[in-house]
Amino acid sequence: MARTQADPEPAARAERRTRHDLASRTGLSDARLLMRELGDGLVRLRPNWDELLPALESLGTVRAVTRNAHVIHQSVGSLGHAHVREDMGWLVGSGMDLRLMLGHWHHALAVVARDNPMAERGVYFFDADGSQVHGVELTSESSQGAFAALVTRFRGPRLTPEFLSCAPVVQSPARRIPLVDIVDLRVRWDAMGEPGDFSDLLAHFGMTRLNALRLAGPGRAFSVGVESGCTLLEYIRDEALSVEVHVANVGAVQIHHGYVGSFREADDWWRIRNPRFSLDLRRAGLAEVWVVRRPTHRGPVHSLEWYGFDGSLLMQIFGHRSTGGVEDARWRHLLGSLEGDRTD
1 MARTQADPEP AARAERRTRH DLASRTGLSD ARLLMRELGD GLVRLRPNWD ELLPALESLG
61 TVRAVTRNAH VIHQSVGSLG HAHVREDMGW LVGSGMDLRL MLGHWHHALA VVARDNPMAE
121 RGVYFFDADG SQVHGVELTS ESSQGAFAAL VTRFRGPRLT PEFLSCAPVV QSPARRIPLV
181 DIVDLRVRWD AMGEPGDFSD LLAHFGMTRL NALRLAGPGR AFSVGVESGC TLLEYIRDEA
241 LSVEVHVANV GAVQIHHGYV GSFREADDWW RIRNPRFSLD LRRAGLAEVW VVRRPTHRGP
301 VHSLEWYGFD GSLLMQIFGH RSTGGVEDAR WRHLLGSLEG DRTD
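Residue numbering for the sequence shown follows UniProt numbering, beginning at 1 and increasing consecutively.
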């Protein structure tokens, strides 16, 4: 099948998964692997986020890629509006919605080599240890001239192996559940009024997200089997539900708004496709799936959340909410149907 702009090319996705697996097997970071394979095909860019992020708009239609160890999220669109405030950033445009934790953005590399098997031409961003936090890839509809101008404008010092100062970060196991007042935890949970209050709750008790779910109690959170979670993805497709799909790593959260499209299994991956969005989930990396209910001033918000074996949050799915913040009743009903599959 001919490659089209709207459908991220299958070979490129396979290469991206292979590159990430190769980095894991060799112990090399993503950046070091690109340096080894591409050499002069890479250009180091100055990490001036206040100027570089807004300049991405000039590239036109691009493919934004955010991934973690087991989920890859790709969206096709334009990066229209960039806003940076201290260590936080936002990139919003046509088909794009990204939240950036810039404290984990230390390096930027431009892939200028053509027809290479390691990465599409574009701009890639890395943590201090060389782990990729986000990628902006050129497509057939991108402005090649604007890309060349961006590389010239932000070209940094010569790229050498020493530019990465840290060893690759090794994920630590999920922390044990701390001793907490469960009654107080649940009272504070029920008193939440805004989405950000959940982070404040975790900080107050010094606990991870997953441990909070395990102690939340009936009516707030329950776990289901991984297979049940994947079956729900098929129901989302069949019912043509509009949802929000959040995929995160330490440096970025990428959000898809809308329908999910086709769903199929291939090898060890579940794959979701629509013309401007794709999602790849590695089955072997999915440890737990939770249904979560959080109160807000505009009514409860329900999510389906996927966690890895190290306790890290891999993906969240939320139902569509109206302008007033009211959640789609069909989404609530769909998640409620999983009660019979609970495993906690």
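Note that the Cβ used here is the ideal one computed from N, Cα and C, for glycine as well.
Exercise. Hey, could you find the ends of the beta strand (DSSP E) L42 is sitting in?
Key: For this step, residue 42 is matched to residue 42 along the sequence shown. Per DSSP, L42 belongs to the beta strand (DSSP E) from L42 to L45.
Exercise. Rounded to whole angstroms, what's the CA-CA distance from Q5 to D190? Just pull it up for me.
Key: Locating residue 5 in the sequence shown gives position 5, counting from the first residue. Locating residue 190 in the sequence shown gives position 190, counting from the first residue. Interpretation of Q5 is limited by its pLDDT of 39, a score under 50 that renders its predicted location unreliable; no figure is taken from the coordinates.
Practice problem: Within the same chain, show all residues whose beta-carbon is closer than 8 Å to that of A2, passing over the 5 residues directly before and after it, in chain order. | Solution: Counted from its first residue, the sequence shown places residue 2 at position 2. In this prediction, A2 scores a pLDDT of 33, lower than 50, which makes its location untrustworthy; the coordinate-derived value is nonetheless stated afterwards. If we look at A2 and ignore the five residues flanking it on each side, it has no Cβ neighbours.
Exercise. Confirm the yes/no value for this check: CB of N68, any heavy atom of the ligand NAP, distance under 8 Å.
Key: No copy of the ligand NAP appears in this structure; indeed no ligand is present at all.
Self-check item: Pair within 9 Å by beta-carbon distance, V62 and G122
Solution: Counting from one through the sequence shown, the residue named residue 62 turns up at place 62. Counting from one through the sequence shown, the residue named residue 122 turns up at place 122. Yes; because the gap between Cβ atoms is below 9 Å, this pair is in contact.
Practice problem: Report the rounded CA-to-CA distance for S242 versus R330, giving the unit in angstroms. | Solution: Counted from its first residue, the sequence shown places residue 242 at position 242. Counted from its first residue, the sequence shown places residue 330 at position 330. Approximately 10 Å between the Cα atoms of the pair.
Quiz item: Rounded to a whole number of angstroms, what is the C-alpha to C-alpha distance between P117 and R32?
Solution: Against the sequence shown, residue 117 aligns to sequence position 117. Against the sequence shown, residue 32 aligns to sequence position 32. Distance between the alpha carbons of P117 and R32: 15 Å.
Practice problem: Mind listing, in chain order, the continuous beta strand (DSSP E) runs of no fewer than 3 residues lying wholly within the UniProt domain "Haemin-degrading HemS/ChuX" (28–154)? | Solution: Runs of the beta strand (DSSP E) lying entirely within the UniProt domain "Haemin-degrading HemS/ChuX" (28–154) and spanning at least 3 residues, in chain order: 42–45, 60–67, 71–78, 81–85, 88–93, 96–101, 107–111, 122–126 and 132–142.
Quiz item: So, is D129 buried or exposed, given that buried needs 16 or more other C-beta atoms within 10 angstroms?
Solution: As a first step, residue 129 must be located in the sequence shown, where it is residue number 129. Residue burial is scored here from C-beta neighbours: D129 has at least 16 other C-beta atoms within 10 angstroms and is therefore classed as buried.
Quiz item: If you draw a straight line from the alpha carbon of G39 to that of A119, how long is it in whole angstroms?
Solution: For this step, residue 39 is matched to residue 39 along the sequence shown. For this step, residue 119 is matched to residue 119 along the sequence shown. Straight-line Cα distance between these residues: approximately 13 Å.
Quiz item: How long is the line joining the alpha carbons of T231 and W306, rounded to whole angstroms?
Solution: Here residue 231 refers to the residue found at position 231 of the sequence shown. Here residue 306 refers to the residue found at position 306 of the sequence shown. Roughly 13 Å between the two C-alpha positions.
Quiz item: Hey, which unbroken runs of the alpha helix (DSSP H) at 4 residues or more fall wholly within the UniProt domain "Haemin-degrading HemS/ChuX" (206–337)?
Solution: Runs of the alpha helix (DSSP H) lying entirely within the UniProt domain "Haemin-degrading HemS/ChuX" (206–337), each at least 4 residues long, are 209–216, 226–238 and 329–336 in chain order.
Quiz prompt | the region 73–81 touching the region 89–106, judged by at least three CB pairs closer than 8 Å | solution = The region 73–81, when compared against the region 89–106, does touch it at the 8 Å Cβ threshold.
Practice problem: Would you decide whether G145 is buried or exposed? Buried here means 16 or more other CB atoms lie within 10 Å of its CB. | Solution: Within the sequence shown, residue 145 is the residue found at index 145, counting from 1. So G145 ends up on the exposed side.
Practice problem: Determine the direct distance from the alpha carbon of A64 to that of D197, and round the result to whole angstroms. | Solution: As a working note, residue 197 is residue 197 in the sequence shown. As a working note, residue 64 is residue 64 in the sequence shown. Roughly 28 Å separates the two Cα atoms.
Quiz item: What did DSSP end up calling M1 once you bin it into helix, strand or coil?
Solution: Along the sequence shown, one-based indexing puts residue 1 at 1. Because the pLDDT of M1 is 30, which lies under 50, any placement of that residue in the model is unreliable, and the question is left without a value.
Quiz item: In whole angstroms, what separates the C-alpha of V112 from that of V226?
Solution: Translated into the one-based positions of the sequence shown, residue 112 becomes position 112. Translated into the one-based positions of the sequence shown, residue 226 becomes position 226. Cα-Cα distance, rounded: 40 Å.
Quiz item: How would you label S322, buried or exposed, when you count the other beta carbons within 10 angstroms and need 16 or more for buried?
Solution: Counting from 1 along the sequence shown, the entry for residue 322 is found at position 322. Classification for S322: exposed.
Exercise. For the alpha helix (DSSP H) containing D344, list its first residue and its last residue.
Key: For this step, residue 344 is matched to residue 344 along the sequence shown. Here D344 belongs to no alpha helix (DSSP H), and DSSP marks it neither H nor E.
Quiz item: Using the C-alpha atoms, what's the distance from V136 back to S75?
Solution: For the purposes of this step, residue 75 is taken as the residue at position 75 of the sequence shown. For the purposes of this step, residue 136 is taken as the residue at position 136 of the sequence shown. Looking at the two C-alpha atoms, the distance is approximately 10 Å.
Quiz item: Going along the chain, which residues of its own chain have a beta-carbon closer than 6 Å to the beta-carbon of V292, five neighbours each way excluded?
Solution: Here residue 292 corresponds to residue number 292 of the sequence shown, with the count starting at 1. Closer than 6 Å at the Cβ level, and outside the excluded window around V292, lie A221, S303 and E305.
Quiz item: How long is the line joining the alpha carbons of D7 and G261, rounded to whole angstroms?
Solution: Reading the sequence shown from its first residue, position 7 is the one you call residue 7. Reading the sequence shown from its first residue, position 261 is the one you call residue 261. Unreliable placement is indicated for D7, whose pLDDT of 41 sits below 50; the coordinate value is still reported in the next sentence. Annotation: D7 to G261 spans about 12 Å, alpha carbon to alpha carbon.
Quiz item: Near R153, which residues of its chain fall below 8 Å by C-beta distance, leaving aside the five closest residues on each side in sequence?
Solution: Taking the sequence shown and counting its residues from 1, the one referred to as residue 153 is at position 153. Excluding residues within five positions, the ones whose Cβ falls inside 8 Å are A55.
Quiz item: What separation, rounded to the nearest whole angstrom, lies between the Cα atoms of E244 and R282?
Solution: Along the sequence shown, one-based indexing puts residue 244 at 244. Along the sequence shown, one-based indexing puts residue 282 at 282. Distance between the alpha carbons of E244 and R282: 20 Å.
Self-check item: Top-ranked residue by Cα proximity to V183, from F205, A287 and F277
Solution: Counted from its first residue, the sequence shown places residue 183 at position 183. Check the Cα spacing between V183 and each of F205, A287 and F277: the tightest is with F205.
Practice problem: Under 8 Å by Cβ, that's how I've got P47 and H107 pegged, so tell me the actual separation to the nearest angstrom. | Solution: If you number the sequence shown from 1, residue 47 lands on position 47. If you number the sequence shown from 1, residue 107 lands on position 107. The C-beta separation of P47 from H107 comes to about 6 Å, placing the pair in contact by the 8 Å criterion.
Practice problem: Quick one: using the 10 Å Cβ neighbour count with 16 as the cut-off for buried, is residue 349 buried or exposed? | Solution: Residue 349 lies beyond the residue range present for the chain, which begins at 1 and ends at 344; the question has no answer from this structure.
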